[in-house]
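Chemist: Heads up: the sequence lines are chains A, B and C, in that order. Using UniProt numbering, read the first sequence as starting at 1 and increasing by one per residue. Using UniProt numbering, read the second sequence as starting at 1 and increasing by one per residue. Using UniProt numbering, read the third sequence as starting at 1 and increasing by one per residue. Ideal Cβ placement from N, Cα and C applies to all residues, glycine included. All figures in this text were calculated on a predicted structure; none of them were measured in a lab.
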Amino acid sequence: MVEPQPASPRLNGEENMTGAETNMRLKLPIICFILQIILIILFGVLVQYNDEVDAREWHDKLDHGNKSHSEHNGHPESKVHSNYENDFYYRYPSFQDVHVMIFIGFGFLMTFLQRYGFSSVGFNFLIAAFSLQWATLMQGFFHGMHAGKIHIGVESMINADFCTGAVLISFGAVLGKTSPVQMLVMAVFEVTLFAINEFILLSILGAKDAGGSMTIHTFGAYFGLTVTRVLYRPNLDKSKHKNCSVYHSDLFAMIGTIFLWMFWPSFNSAITAHGDDQHRTAMNTYYSLAACTLATYGMSAITAHDGKLDMVHIQNAALAGGVAVGTAGEMMLTPFGSMIVGFLAGIISVLGYKYLSPIMEEKLKIQDTCGVHNLHGMPGVLGAIVGAVTAAVASKDIYGNGMEDVFPDVAEGDITASYQGVRQAISLAVTLGMALVGGVIVGFLLKLPIYGAPPDTICFEDNIYWEVPGDEEEAHQDKASVRMTETERLNA
Amino acid sequence: MVEPQPASPRLNGEENMTGAETNMRLKLPIICFILQIILIILFGVLVQYNDEVDAREWHDKLDHGNKSHSEHNGHPESKVHSNYENDFYYRYPSFQDVHVMIFIGFGFLMTFLQRYGFSSVGFNFLIAAFSLQWATLMQGFFHGMHAGKIHIGVESMINADFCTGAVLISFGAVLGKTSPVQMLVMAVFEVTLFAINEFILLSILGAKDAGGSMTIHTFGAYFGLTVTRVLYRPNLDKSKHKNCSVYHSDLFAMIGTIFLWMFWPSFNSAITAHGDDQHRTAMNTYYSLAACTLATYGMSAITAHDGKLDMVHIQNAALAGGVAVGTAGEMMLTPFGSMIVGFLAGIISVLGYKYLSPIMEEKLKIQDTCGVHNLHGMPGVLGAIVGAVTAAVASKDIYGNGMEDVFPDVAEGDITASYQGVRQAISLAVTLGMALVGGVIVGFLLKLPIYGAPPDTICFEDNIYWEVPGDEEEAHQDKASVRMTETERLNA
Amino acid sequence: MVEPQPASPRLNGEENMTGAETNMRLKLPIICFILQIILIILFGVLVQYNDEVDAREWHDKLDHGNKSHSEHNGHPESKVHSNYENDFYYRYPSFQDVHVMIFIGFGFLMTFLQRYGFSSVGFNFLIAAFSLQWATLMQGFFHGMHAGKIHIGVESMINADFCTGAVLISFGAVLGKTSPVQMLVMAVFEVTLFAINEFILLSILGAKDAGGSMTIHTFGAYFGLTVTRVLYRPNLDKSKHKNCSVYHSDLFAMIGTIFLWMFWPSFNSAITAHGDDQHRTAMNTYYSLAACTLATYGMSAITAHDGKLDMVHIQNAALAGGVAVGTAGEMMLTPFGSMIVGFLAGIISVLGYKYLSPIMEEKLKIQDTCGVHNLHGMPGVLGAIVGAVTAAVASKDIYGNGMEDVFPDVAEGDITASYQGVRQAISLAVTLGMALVGGVIVGFLLKLPIYGAPPDTICFEDNIYWEVPGDEEEAHQDKASVRMTETERLNA
């Protein structure tokens, strides 16, 4: 049975100044249990399998060959003949890739902090496990209930993971400076705001945002930045020595980076229409990210006085291309168009990490731990703009009968492509507004001294909330002293 | 060319007491080569591609449009029109997720041990590579041979990985205390017993256990616990200082945990019927695991005197929800039902890790390294019970024509749903019996002093079986002495 | 905001002898930007979506039900009725597995080097991001342009990743001894040579090589070995102490190994014909790798004087089975046939690592960092031979109407199976010739002292090209001195 070695007092003297305030013994269980029980009750009352999941309903569809109830299936198929046509087969592989991005990608990307790895992966895990359940309810409510019930299937699983992504982006902005209780509270509100914003954009304004440049990245980043501004810590420099990486923590973070980079094509294409749309979105994202990577390496070297690459850039900025084609990915962006967008995103992102973040910290008091403004904020806005422009120039010539999958209202002649572009632009403004206003309100809620947040002197430290074993070095020294003691004993 | 640095004698003095007994120079090659050659011969005589894999047979099916030979395809499709209907496309993505769970999930989860990472990942790799081949034969034999041959396809690959999972669970119980030769011998017998038990449950008793709560988890756990009891080591406390984690080994273990957690929906749904069954099983598992995670974090904090989270709980107990819906996952468990099950599983699992395992070690002399009783044993039994209850209340109202995929005998009116529940309960008892009796027999076989197992003083140590390089610290010190030597030389 | 701690001068004194020559401040940005801009321009002029990706074209196909333009779809489907028949669904899951092998598999496998992890993962990332774009153009040109355009889809993404694999294999041969600029230059030429060789083999000679035993592994290995011979470093032993692993770097490398091993079935089957071919290729690869693993463990133990397993063997040789069935994987190799091939491959590979590589280094002056000759070189040649033999004995009896997917020319009676075997053998010779000649030419190009390559004394060191943070040990010591300073200050 595993027994964690207690952290040696010698090396962790300063960290053991955790007090009753940060003690999670009651706070965390109370919030976890209350939230989970509420979720169970609400699911019991409100949630049902949809007709691709429910045994009776699916087999009714098979027997009667009628797929009329199907919701987000793009080009409507007239009849369902076989189990092979269950939406599971056409969405689940993409879902799994999204899932890996949420749990491994985000979780390990944030392990760059040398003494916050447990919290990065662990709190990412907790926040996500809660958020995807709460998002299922919030989004289900807004996407439309049938007969007073929310019907769920693989597509709701994807959408819930998308919403969770926004919460984790915000977590990245405040990383190292909050308690897990604060993060769960933030998630409660952020998920709700996300669902409202998503509803306004997609259902009311009729915007398109398949990969969430606006709904996920812009929203998550500016919400998180606002929260971190409200929670500004004047003495955070006392924890400065821990707000950095060590050699192997940078390698752990690369696990996160690479999984995010590889699976982003699945992320952006996960809820696009079946057929050419999913195919095209995956390809646009793939090329955008490749170009972004080249740009990132070039920019990282050129902005360093000694030309040395900065792992922060490689870990983060190389991903900006995925964010920047989130909106336009399903459009006829063209391969080279995707590459241009990715290339620009990489340049903007590295410049942000190098020059803008320090300024934002010093002048605007925004302590953005992961630099989410450079990976999700600015590239998200770029993605929204690219989406607006690409939408505005859409035409029947380019899209043929595929127009109705991407721009249904334009295809039906209800609006012009230019107006679709305007919708996209308005959506960006709405998103920014929701993020900033929501971030202020939630930020002040989180400022209440009831959550067990760490003091400025011991941020970025796992030891507050986790039983932390010693390092190998301590283990060796302990071994040495064990051996010495045994020798002494034998020689006595 | 890479040359591993020899482990420094200073720090590893006590570990270099490896003797001729643990020398693998002949034992391991002999068993690896003999087993592999036997496998090759048996495959040569007995194994063929099935008609979805064989070039001639598949194209015959295509040309004649008749899919009458298809074995486990659920709802029988009347005609095969196209290569797109090859079962490969509807099983392989799930297979790959299962494969990742077996090799990355189990392999890295066990790297929490600070000096046993090579053996954890490495022996997991070896045991699995052997077991999946042997399982293909054993399960093929029991699933039914046609014309004296075992026909294989992607579904047999999944089933072989499932069987391997049980062996790896048992490996977790004895982790750190055995030689690789012992583990291969254990696998030879355990795979056979697994196949027999699976046959009794699924083919004779007619039970359902798609995700293996009984066949994989309950069986693997209690078999392994019995073996570890037989192999009780009275002086294991001498290795106590190594039976624990260090900071980065806990992060490596989280790689395993997160991949297991994310892919469990694929695991539980991998061999269910096509269509709604696979879809539903994946969703039930997803919600069970999410609720389990919330419960795990809450319980971990509340059971700690200082409220600090224990990585052991997060790494293991958060997965119990997947085990607990292994049987019922394909049933109409409902989303909130799945959450309740997962929530309970998390609570039980943490309580097990915290309170039961120490008691089992002290009173029952069961030295359960990974705490498999808490992740696979008790949650497996819970899963069997949940399955029995859910089966017993099944009705045509709930399942409609989908009943025949999940409970074919009930659908055909041969038995009542209550009786199906009884079958499930009997299956649990049979599984426990097989595991305990089999574990005793195999345990005593493994007690023979011929396998090169480590003595009590040097368990949980890679150095016995692996060439282990130094740590970075030693490397720095060696560098320092190299530099000093060069300076001295230059100054001479 | 993350601030990397500067590497402590005390421990890294010798590494800080990086001069203006290795300074990447201009070299790397220039080549990255120039290459990317050229790529963007060429893509803009030459590259279009194919008719499974383009909105207009796909919907035209749907409406007219005619799939006549489809290129590499194997058995031609007569009509396209539904979005579900988009090639995306039948290739993308395999593509993602290949992608993981390229970025995680190769990237992390090479992190075994104790101080070269950033460069291994990081330069792998950069080289691959460039190569897949350039390969899209090169291969598109040779695969045939329509109306002066290269049409791309998921299959071109797979083929581009395949070509990238060859470049990364070559990178493995020179790992630790080059600058990123050199690697990009190498990639420019190697991708072109790969595309030419692939065209000669597949289109002119009519050989089959679905998993690239010849086009990827043989070519990549011998090209890389030739380059590393030309770039021979007489004083490389001065960096010897860094050309090795430490405990946790070996664990990071196992992440790479295991992902490569698990996903190789997808790699070998990714571009085979739909239906039984993909299914069969995946299974052949799975069994070959399992047998290879058993052989590797046996050989590793028996070749060690103390019987201890060598991580180098487990990390690399266990994969040789995948390489060795690259060509024959889609053929009717039979399960036991695959196991025999894998078993042989494992034996050959370990013998290579143990005995051949030292000889090649000493006698032939080939400094093969990753031992690519043992994993890709010899097993690649074995794979070519196995493919030639298996092709030569193909018959209508065995393949039935499936012959036309695997050996179209034999199926149509244009040539005999024996002649197909001859084609395969000639292809091996052509590949070796291309690799050796190409390697010499490119090797001398890379010998020019303009790329900022490191001197012999500081190879295998990240510090040259990366901002490297300190280790945890240094961080602890820094913490200690910070605390001491504060105490002194307080006591002043």
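Does the separation of the CB atoms of H170/A and G220/A fall below 8 Å?
Modeler: Numbered from 1 along the first sequence, position 170 holds the residue referred to as residue 170/A. Numbered from 1 along the first sequence, position 220 holds the residue referred to as residue 220/A. For clarity, residue 170/A is Ser in the given sequence; the question names His instead. A contact, by the Cβ cut-off of 8 Å.
Chemist: Taking only the alpha-carbon atoms, compute the straight-line gap between E57/A and W466/C and give it to the nearest angstrom.
Modeler: Indexing the first sequence from 1 puts residue 57/A at position 57. Indexing the third sequence from 1 puts residue 466/C at position 466. Computed Cα separation, rounded: 58 Å.
Chemist: Report the residue from S156/A, A129/A, S349/A whose alpha carbon sits nearest the alpha carbon of F142/A.
Modeler: Mapped onto the first sequence, residue 142/A falls at position 142. Nearest of S156/A, A129/A, S349/A to F142/A, Cα basis: S156/A.
Chemist: Of all Cβ atoms in chain A, is any one closer than 8 Å to the Cβ of Q36/C?
Modeler: Counting from one through the third sequence, the residue named residue 36/C turns up at place 36. Closer than 8 Å to some Cβ of chain A, the Cβ of Q36/C qualifies, so yes.
Chemist: From the beta carbon of W134/A, is the nearest beta carbon of chain C less than 8 Å away?
Modeler: On the first sequence, residue 134/A is found 134 positions in, with the first residue counted as 1. W134/A does not count as touching chain C.
Chemist: Could you list which residues in chain C have their beta carbon closer than 7 Å to that of Q424/A, in chain order?
Modeler: Counted from its first residue, the first sequence places residue 424/A at position 424. Under the 7 Å cutoff, chain C gives no residues; its nearest Cβ is about 18 Å from Q424/A.
Chemist: Using the rule of at least 16 other Cβ atoms within 10 Å of the residue's Cβ for burial, across every protein chain shown, is F252/A buried or exposed?
Modeler: By one-based count along the first sequence, residue 252/A stands at place 252. That one is buried.
Chemist: Under 8 Å between C-beta atoms, does E71/B make it to chain C?
Modeler: Along the second sequence, read from residue 1 onward, the residue named residue 71/B stands at position 71. Confidence is the limiting factor: at E71/B the pLDDT is only 40, short of 50, which leaves the residue's position unreliable and the question unanswerable from this model.
Chemist: I need the DSSP call for V47/C, collapsed to helix, strand or coil.
Modeler: Reading the third sequence from its first residue, position 47 is the one you call residue 47/C. DSSP places V47/C in strand when its eight states are reduced to three.
Chemist: Let's see if you can read the secondary structure: which residues bound the beta strand (DSSP E) around H81/A?
Modeler: Translated into the one-based positions of the first sequence, residue 81/A becomes position 81. Counting along the chain, H81/A falls outside any beta strand (DSSP E), and DSSP gives it neither H nor E.
Chemist: Can you give the Cα-Cα distance for E21/B and L364/C, rounded to whole angstroms?
Modeler: As a position in the second sequence, residue 21/B is number 21, starting the count at 1. As a position in the third sequence, residue 364/C is number 364, starting the count at 1. Between E21/B and L364/C, the C-alpha separation is close to 40 Å.
Chemist: By DSSP, does L309/B sit in helix, in strand, or in coil?
Modeler: For the purposes of this step, residue 309/B is taken as residue 309 along the second sequence, with counting starting at 1. L309/B falls in the strand class under three-state DSSP.
Chemist: Determine the contact status of A173/A and G224/A, defining contact as a CB-CB distance below 8 Å.
Modeler: Stepping through the first sequence from its first residue, residue 173/A is reached at position 173. Stepping through the first sequence from its first residue, residue 224/A is reached at position 224. Result yes, Cβ atoms of A173/A and G224/A sit closer than 8 Å.
Chemist: So that I know if they touch, is there some Cβ in chain A lying closer than 8 Å to that of A129/C?
Modeler: Residue mapping note: residue 129/C aligns to position 129 of the third sequence, counting from 1. Closer than 8 Å to some Cβ of chain A, the Cβ of A129/C qualifies, so yes.
Chemist: Can you tell which of W261/A, T218/A, C163/A, V393/A has its C-alpha closest to the C-alpha of G140/A?
Modeler: Here the question's residue 140/A lines up with position 140 in the first sequence. Per the Cα distances, C163/A.
Chemist: Below 9 Å on C-beta distance, what does H59/B contact in chain C?
Modeler: For the purposes of this step, residue 59/B is identified with residue 59 of the second sequence, where counting begins at 1. Those within 9 Å of H59/B in chain C are H75, G275, D276, Y399, G400, N401, G402, M403, E404, D405.
Chemist: If I follow the unbroken beta strand (DSSP E) through H151/B, where does it start and stop?
Modeler: Looking up residue 151/B in the second sequence gives position 151. Element bounds for H151/B: 150-152.
Chemist: Work out the CA separation of N197/A and K67/C for me, nearest whole Å.
Modeler: Against the third sequence, residue 67/C aligns to sequence position 67. Against the first sequence, residue 197/A aligns to sequence position 197. Because K67/C carries a pLDDT of 48, less than 50, the predicted location of this residue cannot be relied on, and the following value inherits that uncertainty. Rounded to the nearest angstrom, the two C-alpha atoms are 41 Å apart.
Chemist: My guess is that G122/C and D209/C are in contact by the Cβ rule of under 8 Å, so how many angstroms apart are they, rounded?
Modeler: Here residue 122/C corresponds to residue number 122 of the third sequence, with the count starting at 1. Here residue 209/C corresponds to residue number 209 of the third sequence, with the count starting at 1. Not quite, the Cβ-Cβ distance comes to about 31 Å (not below 8 Å), so this is no contact.
Chemist: Give the DSSP-derived three-state secondary structure of H146/B in the structure shown.
Modeler: To locate residue 146/B, count along the second sequence from 1; it is residue 146. Three-state result, H146/B: strand.
Chemist: What is the rounded straight-line gap between the Cα of A282/C and the Cα of V53/B?
Modeler: On the third sequence, position 282 is the one that residue 282/C refers to. On the second sequence, position 53 is the one that residue 53/B refers to. The alpha-carbon atoms of A282/C and V53/B are separated by roughly 10 Å.
Chemist: Hey, quick one: how far does the alpha helix (DSSP H) through K447/B stretch, first residue to last?
Modeler: Mapped onto the second sequence, residue 447/B falls at position 447. Counting along the chain, the alpha helix (DSSP H) containing K447/B begins and ends at 417-447.
Chemist: For W134/B, which residues does DSSP report across the bridge?
Modeler: Within the second sequence, residue 134/B is the residue found at index 134, counting from 1. Beta-bridge pairing links W134/B to no other residue.
Chemist: Can the beta-carbon of T228/A be found closer than 8 Å to that of Q315/A?
Modeler: Here residue 228/A corresponds to residue number 228 of the first sequence, with the count starting at 1. Here residue 315/A corresponds to residue number 315 of the first sequence, with the count starting at 1. Contact flag unset, no.
Chemist: Could you compute how far the alpha carbon of D409/C sits from the alpha carbon of N401/C?
Modeler: Position 409 of the third sequence, counted from the first residue, corresponds to residue 409/C. Position 401 of the third sequence, counted from the first residue, corresponds to residue 401/C. When rounded, the distance between both Cα atoms is 13 Å.
Chemist: Between Q315/B and chain C, is any beta-carbon pair separated by less than 8 Å?
Modeler: Counting from one through the second sequence, the residue named residue 315/B turns up at place 315. Closer than 8 Å: no.
Chemist: Over what stretch of residues does the alpha helix (DSSP H) that includes K61/B continue unbroken?
Modeler: The residue given as residue 61/B occupies position 61 in the second sequence. Counting along the chain, the alpha helix (DSSP H) containing K61/B begins and ends at 55-64.
Chemist: Beta-carbon within less than 7 Å of Q36/A's beta-carbon, same chain only, minus the 5 sequence neighbours each way: which residues are those?
Modeler: As a first step, residue 36/A must be located in the first sequence, where it is residue number 36. Counting only Cβ-Cβ distances below 7 Å, and skipping sequence neighbours, we find nothing.
Chemist: Bridge partners of W264/B, per DSSP?
Modeler: Within the second sequence, residue 264/B is the residue found at index 264, counting from 1. In the DSSP output, where bridge partners are listed per residue, W264/B has none listed.
Chemist: Please check if any C-beta of chain C sits within less than 8 Å of the C-beta of F263/B.
Modeler: Walking along the second sequence from the start, residue 263/B turns up at place 263. It does not: the Cβ of F263/B has no partner Cβ on chain C nearer than 8 Å.
Chemist: Give the straight-line distance between the Cα atoms of V406/A and G153/C, rounded to the nearest whole angstrom.
Modeler: By one-based count along the first sequence, residue 406/A stands at place 406. By one-based count along the third sequence, residue 153/C stands at place 153. If you take the alpha carbons of V406/A and G153/C, they lie about 19 Å apart.
Chemist: Between V191/C and the rest of its own chain, which residues show a CB-CB distance below 7 Å, the 5 nearest in sequence each way excluded?
Modeler: Here residue 191/C is taken as the residue at index 191 of the third sequence, counted from 1. Excluding sequence neighbours, V191/C sits near S131, W134, A135, M138, C163, V167.
Chemist: So, are the CB atoms of F352/A and M214/A less than 8 Å apart?
Modeler: Start at 1 with the first residue of the first sequence, and residue 352/A comes out as number 352. Start at 1 with the first residue of the first sequence, and residue 214/A comes out as number 214. Note on identity: in this sequence residue 352/A is Gly, with Phe being the wrong assignment. No; because the gap between Cβ atoms is not below 8 Å, this pair is not in contact.
Chemist: Considering just the uninterrupted stretch of the alpha helix (DSSP H) at V325/B, what are its terminal residues?
Modeler: Position 325 of the second sequence, counting from 1, holds the residue named residue 325/B. Looking at the DSSP string, V325/B is not in any alpha helix (DSSP H), and its letter there is neither H nor E.
Chemist: Assuming contact is defined by CB atoms lying nearer than 8 Å, are H313/C and S300/C in contact in what I supplied?
Modeler: Against the third sequence, residue 313/C aligns to sequence position 313. Against the third sequence, residue 300/C aligns to sequence position 300. Yes. Within cutoff.
Chemist: Counting Cβ pairs, one atom from each stretch, are 3 or more of them under 8 Å apart for the region 172-189 of chain B and the region 450-460 of chain B?
Modeler: Cβ pair count under 8 Å is three or more, so yes.
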